[in-house]
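Just below is one structure, and these are the notes that go with it.
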Amino acid sequence: MAGLIGADFRDAGLSGADLTGSFFPAPSQLNAAKGDAGTGLPPALTRPSHG
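For reference, each letter of the sequence shown is one residue, going -11 to 39 in this note's numbering.
Structure below.
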């Protein structure tokens, strides 16, 4: 588990990363990152349309 407050995910490669147990991920952080269908997101968040 990790707290993501203030984390800069611009162009971060999150393909296959498991973020399901992360604390406070923001939609804006996910929109700035690069993930794929294997990137696990907390249930409260919606996968960005770009990946």
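In this text, a Cβ means the ideal position worked out from N, Cα and C, and glycines have one as well.
Query: Distance between arginine 35 and alanine 14 (C-alpha atoms, nearest Å); Result: 11 Å
Query: With 16 other Cβ atoms within 10 Å as the buried cut-off, status of glycine 23; Result: buried
Query: Proline 30 versus alanine 0 - alpha carbon distance; Result: 18 Å
Query: Contact check, glycine -9 vs threonine 27, beta carbons under 8 Å; Result: no
Query: Nearest-angstrom Cα separation, counted from leucine 7 out to alanine 20; Result: 15 Å
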